[in-house]
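K.L.:
Going line by line, the protein sequences match chains A and B.
Quick note: the numbering used here has the first sequence finishing at residue 454, numbered continuously throughout.
Quick note: the numbering used here has the second sequence finishing at residue 454, numbered continuously throughout.
The following block contains the structure, expressed as structure tokens.
There are 2 protein chains.
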Amino acid sequence: MGILIKNSTIITQNEGREVLRGDVLIEGSRIEKVAKRIQEKAEFILDGNGKLLLPGFVNAHTHVAMTLLRGYADDMELDEWLNKKIRPLEKKMRESDVRAGSLLGCAEMIRGGTTSFNDMYFFMPHVAKAVEESGMRALLAYGMVEGGDEEKGRMEVKIGEEFVRKFNGKAGGRIRCAFGPHAPYACSSSLLKKIDGLSKKYKVPIHSHISETRKEVFDMLKKERKRPVEYLEHINFLSKRLIAAHCGWITKREVKILAERKVSVAHCPVSNMKLAVGGVSPIPEMLEEGVNVSLGTDGSASNNSLSMLETMKMCSLLQKHQRWDPTSINAQQALDFATRNGAKALGINAGSIEKGKLADIILIDAKAPNMAPLHNPISQLVYSANAGNVTDVIIDGKIVMRERKIQTIDEEKVVEEAQKAAIDLVNR
Amino acid sequence: MGILIKNSTIITQNEGREVLRGDVLIEGSRIEKVAKRIQEKAEFILDGNGKLLLPGFVNAHTHVAMTLLRGYADDMELDEWLNKKIRPLEKKMRESDVRAGSLLGCAEMIRGGTTSFNDMYFFMPHVAKAVEESGMRALLAYGMVEGGDEEKGRMEVKIGEEFVRKFNGKAGGRIRCAFGPHAPYACSSSLLKKIDGLSKKYKVPIHSHISETRKEVFDMLKKERKRPVEYLEHINFLSKRLIAAHCGWITKREVKILAERKVSVAHCPVSNMKLAVGGVSPIPEMLEEGVNVSLGTDGSASNNSLSMLETMKMCSLLQKHQRWDPTSINAQQALDFATRNGAKALGINAGSIEKGKLADIILIDAKAPNMAPLHNPISQLVYSANAGNVTDVIIDGKIVMRERKIQTIDEEKVVEEAQKAAIDLVNR
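In structure tokens, the structure reads:
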């Protein structure tokens with residue numbers, strides 16, 4: 027039974043990066059078969075003709091509830107933006123705001139072909155609820171900030187641990203949890219060590235911001251006489267359980283350490299450019315050393331979009347531009363970051379179209395004018411496609427969007443409620 | 027009579043950059059009235075509720091027929107890309123290929139909210155035909171390359187002049203022509219002077235590539251002991267009739283000269299980043315000196331998209347990134363470049379929603395999840411919107427796209443024919 031998608035151009039993203047024309051059969055939450063022609067009967071048959079079929083995108087770093095703040099403050103200095111506009115509004119946010127913003131962000135991500143995301147914020151049970159309702163897959167972490175207050179640190183860990191205990195594995199396994207120490211500068215070494223222990227105990231990942239800005243690197247050098255990655259290595263915090271967002275201001279020596287410790291990096295080119303952090307993640311050096319590079323949009327307050335299609339293009343263009351080298355980060359590499367590598371970072375058995383993988387699959391209209399002619403489908407995906415080209419989204423074997431209509435949540439209502447919540451929040 | 031658009035959020039782009047909720051009445055090819063409530067009867071009434079209404083985008087530098095080559099060659103060194111992949115294919119191109127590529131590009135631009143474009147290529151009568159059929163507005167130039175061959179230069183001018191004579195003012199005035207000397211390095215000073223004279227004679231603009239790459243600047247310094255803009259000033263070629271594409275490698279002194287001569291610049295951030303030319307147009311310095319800055323996508327072989335929404339965002343982000351200054355080029359400035367300034371560059375009486383202006387108007391879905399909440403419509407337009415959010419396009423007072431369906435050309439057929447032409451061209 028299950029779902030059979032016929033006659034699409036399948037961008038498998040398998041080991042050999044095969045592109046083939048054929049059919050894909052889904053049984054339950056997994057891909058059962060990929061072949062030129064599948065004869066088996068199925069409950070639903072989707073016509074994939076004229077469409078590209080590929081693994082859904084994995085957004086490896088975001089704060090989905092911040093979608094509620096999109097466009098509230100732009101074109102400002104990072105400190106002013108964060109401390110005078112974003113943080114004061116966040117302090118007034120209620121659980122219902124986090125829910126409204128998360129549902130809005132999920133709707134946007136589904137429309138853009140994102141099937142999984144890696145999130146860090148507060149009121150996380152309400153983010154989890156949005157994930158459950160929308161049908162998405164996510165790795166969720168409560169963002170812990172100690173800020174030199176040990177008592178606060180203990181409370182933060184308590185909230186984070188409770189969230190992991192209650193929500194890890196929920197929504198039929200679509201929700202997994204992580205620990206989210208905000209950043210090395212926001213947590214003491216003893217807190218970080220405690221978190222690392224909890225991550226081992228619960229067998230869940232850690233999600234943190236590392237070396238996003240030049241300031242945090244210089245502050246750490248002053249305080250610890252080490253750069254952030256060197257410091258984290260020194261306190262024995264680095265492991266393959268860590269997803270390190272940004273890593274824009276790191277040295278070659280730090281790249282080597284990340285590779286040795288098998289840390290996954292979530293590079294956020296659009297947010298980095300918009301906030302003008304200046305640093306550019308040394309992606310080619312990371313690849314050379316064998317670091318698992320994934321891509322994130324960051325929150326919508328600093329992007330202001332959750333489009334992974336845009337992020338793939340900007341990842342490639344930023345490296346080309348920065349290095350005066352148009353051969354740097356080709357389309358296939360950018361697509362790998364957003365699919366295979368993202369799934370690996372989050373510990374999800376997805377990211378390619380192969381038997382046994384989770385059925386997180388998207389279809390893209392290859393006959394839209396902006397996608398033609400189809401000299402090279404990978405190039406069209408990375409350099410030409412936009413979110414409007416995504417037609418169908420399947421997550422965990424369920425049809426979440428069909429012919430551009432989201433099936434799981436009432437999109438109109440989600441937008442209306444987010445709009446109301448946003449106005450109320452600003453006027454509160 | 028005419029068209030009445032009710033109840034939209036009007037981003038007027040007028041002198042005061044007013045945003046107001048209300049109605050717009052179109053009579054013939056022009057805007058007749060903009061007001062909170064219009065009672066006049068009209069032939070067509072469009073419900074603009076939940077939509078942003080704004081001037082259509084002006085793509086100030088492209089080669090629309092190159093849409094046929096989109097994705098054919100990427101991630102290569104500029105010289106190799108141009109001389110080993112693009113030029114050999116262009117040599118095999120036929121008139122029917124230029125027509126197919128142009129129609130495809132027009133369909134994509136309409137879908138992305140672009141109402142006018144500034145083009146330079148060959149077999150230009152076939153580009154003109156695509157403009158006429160699609161309902162778009164364009165400034166078209168035959169691209170002239172002399173390459174040290176005086177006889178060839180004379181032939182090129184002949185073709186260019188004949189095109190201007192035959193096509194300027196066609197399609198009810200939607201087509202205007204320009205002279206297109208490819209670049210200062212491709213034409214002798216005597217040819218450039220001749221072209222300047224013809225531009226005066228026919229009262230039409232000049233469209234040229236200026237200082238796109240570092241190499242052309244150093245070659246010019248070697249040959250003429252002057253940088254390109256200084257050289258063009260020296261031979262008295264600069265005037266308000268000139269639209270200078272790129273200007274990525276220019277000095278502050280050259281910015282001053284461009285301002286004094288009232289030259290319009292067409293900045294192409296996405297193409298510049300993708301080809302890794304390294305130089306970044308000094309936009310804040312241009313604004314300070316009073317240069318008219320507009321935006322272009324460049325051709326789809328080097329972008330690979332004709333989306334002006336993407337180009338606005340990248341224009342802002344590239345300046346922020348390059349200068350470590352998140353306040354550089356705000357959303358309103360980027361929108362100005364893509365509307366008011368573009369219209370000024372091309373000499374079109376459009377670019378704002380005001381009585382008497384040409385009715386080149388687009389509607390954008392403000393209730394799509396990626397556009398909510400609407401804290402700031404300008405920010406959402408520039409940083410969050412994608413081509414899929416454009417719902418309706420009116421050009422010269424005619425409805426060219428209605429609820430995402432193009433009215434003027436058979437989109438499916440256009441895509442199919444472009445696909446066929448592309449395959450045939452590559453295999454020729």
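Even for Gly, the Cβ is constructed at its ideal location relative to N, Cα and C.
Computed from a predicted structure; not experimentally measured.
1) Hey, how far is the Cα of Val426/B from the Cα of Gly368/A?
2) Could you run through the region 278-293 of chain B and flag, in chain order, every residue whose CB is less than 9 Å away from some CB of chain A?
3) So Glu121/B and Phe143/B are in contact, right, with Cβ under 8 Å, and what is the actual spacing, rounded?
4) Nearest chain B C-beta to Gln445/A closer than 9 Å, yes or no?
5) Using beta carbons (cut-off 9 Å, strictly below), is Thr35/A in contact with chain B?
6) Could you check whether the region 44-57 of chain A touches the region 346-362 of chain A, counting it as contact only if at least three pairs of C-beta atoms, one from each stretch, sit closer than 8 Å?
7) Would you say Ile449/B lies against chain A (beta-carbon separation less than 9 Å)?
8) Whose Cβ in chain B lies nearer than 7 Å to the Cβ of Lys346/A?
9) Going by DSSP in three states, Arg430/A sits in which element: helix, strand or coil?
10) Just list the residues that DSSP pairs Cys203/B with in beta bridges.
11) Can you check DSSP and say which residues form a bridge with Asn318/B?
12) Are the CB atoms of Ser234/B and Ala209/B nearer to each other than 9 Å?
13) Does the CB of His401/B have a neighbour CB from chain A at under 9 Å?
14) Pull out every residue of the region 71-104 of chain B whose Cβ sits closer than 9 Å to any Cβ of chain A, in chain order.
15) Is the CB-CB distance between Ile37/B and Leu78/B below 9 Å?
16) Look at Thr323/A and Thr141/A and say whether their C-beta atoms are less than 9 Å apart.
17) On the criterion of 16 or more Cβ atoms from any shown chain inside 10 Å, does Asn415/A qualify as buried, or is it exposed?
18) Measuring CA to CA, which of Phe193/B, Glu182/B, Ser265/B is closest to Arg163/B?
19) Within the 9 Å Cβ cut-off, does Val419/A reach chain B?
20) Hey, how far is the Cα of Ser215/B from the Cα of Ile261/B?
21) Please state whether DSSP places Ile283/B in a helix, a strand or coil.
22) What are the residues in the region 135-160 of chain B lying within 9 Å of chain A by C-beta distance?
23) Identify whether Asp105/B lies in helix, strand or coil by the three-state DSSP scheme.
24) Report yes or no: is there a C-beta of chain B within less than 9 Å of the C-beta of Trp275/A?
25) Examine chain A for any beta-carbon lying closer than 9 Å to the beta-carbon of Gly131/B, and answer yes or no.
26) Starting from the C-beta of Gly186/A, find all residues in its chain whose C-beta is less than 6 Å away, skip the five residues before and the five after it, and write them out in chain order.
27) Counting only Cβ pairs nearer than 9 Å, list the residues of chain B close to Asp351/A.
28) May I ask you to report which of helix, strand or coil DSSP gives Asp175/B?
29) What residues from chain A crowd round Asn412/B, counting only those whose CB sits closer than 8 Å?
30) State yes or no: is the beta carbon of Glu53/A nearer than 9 Å to at least one beta carbon in chain B?
31) With 16 as the cutoff for other CB atoms within 10 Å, does Pro295/B come out buried or exposed?
32) Under 9 Å between C-beta atoms, does Val441/B make it to chain A?
33) Nearest CA to the CA of Glu437/B: which residue from Met397/B, Leu343/B, Cys132/B, Gly274/B?
34) Any residues in the region 374-398 of chain B with a beta carbon nearer than 9 Å to a beta carbon of chain A? Which ones, in chain order?
35) Kindly indicate the opening and closing residues of the beta strand (DSSP E) around Val84/B.
36) I'd like the list of long-range same chain contacts for Ser333/B, defined as Cβ closer than 6 Å, with 5 residues on each side in sequence excluded.
P.N.:
On the basis of the coordinates in this document:
1) Val426/B and Gly368/A: Cα-Cα distance of roughly 41 Å.
2) So nothing in the stretch comes that close.
3) About 20 Å; that fails the 8 Å criterion.
4) At least one chain B Cβ lies under 9 Å of Gln445/A.
5) No, Thr35/A lies away from the interface with chain B (no Cβ there is under 9 Å from its Cβ).
6) Short answer: they don't touch.
7) Put simply, the CB of Ile449/B is near chain A, with a gap under 9 Å to one of its CB atoms.
8) Met299, Lys300, Ala302, listed in chain order.
9) Here Arg430/A sits in coil by DSSP.
10) Per DSSP, Leu166/B.
11) In the DSSP assignment, Asn318/B is bridged to Ser290/B.
12) Result yes, Cβ atoms of Ser234/B and Ala209/B sit closer than 9 Å.
13) His401/B counts as touching chain A.
14) If the cut-off is 9 Å between Cβ atoms, the region 71-104 of chain B has Thr93, Leu94, Leu95, Arg96, Gly97, Tyr98, Ala99, Asp100, Asp101, Met102, Glu103, Leu104 near chain A.
15) At the C-beta level, Ile37/B and Leu78/B come within 9 Å of one another.
16) No, the pair does not count as a contact, with Cβ atoms beyond the cut-off.
17) Of the residues assessed, Asn415/A falls on the buried side of the cut-off, its CB having 16 or more other CB atoms within 10 angstroms.
18) Minimum Cα distance to Arg163/B is reached at Phe193/B.
19) No, no contact with chain B.
20) Ser215/B and Ile261/B have their C-alpha atoms roughly 7 Å apart.
21) Per DSSP, reduced to three states, the secondary structure at Ile283/B is helical.
22) Of all residues in the region 135-160 of chain B, the ones placed with a Cβ closer than 9 Å to any Cβ belonging to chain A are Met135, Ile136, Arg137, Gly138, in chain order.
23) Helix, per DSSP.
24) Judged by the 9 Å Cβ criterion, Trp275/A is not in contact with chain B.
25) Closer than 9 Å: yes.
26) Closer than 6 Å at the Cβ level, and outside the excluded window around Gly186/A, lie Tyr168, Met170, Phe205.
27) Within chain B, the residues Glu103, Ala302 have their CB atoms less than 9 Å from the CB of Asp351/A, given in chain order.
28) Asp175/B carries a coil assignment under DSSP once its states are collapsed to helix, strand and coil.
29) Result: Ser331, Ser333, Glu336, Asn412, Ala413, Gly414.
30) False, the Cβ-Cβ gap to chain B never drops below 9 Å.
31) So Pro295/B ends up on the buried side.
32) True, the Cβ-Cβ gap to chain A drops below 9 Å.
33) When Met397/B, Leu343/B, Cys132/B, Gly274/B are compared, the shortest CA-CA separation from Glu437/B is found for Cys132/B.
34) Flagged, chain order: Lys393, Ala394, Pro395, Asn396, Met397, Ala398.
35) Val84/B -> beta strand (DSSP E) spans 83-88.
36) So the qualifying residues of the chain are Gly138, Ala413.
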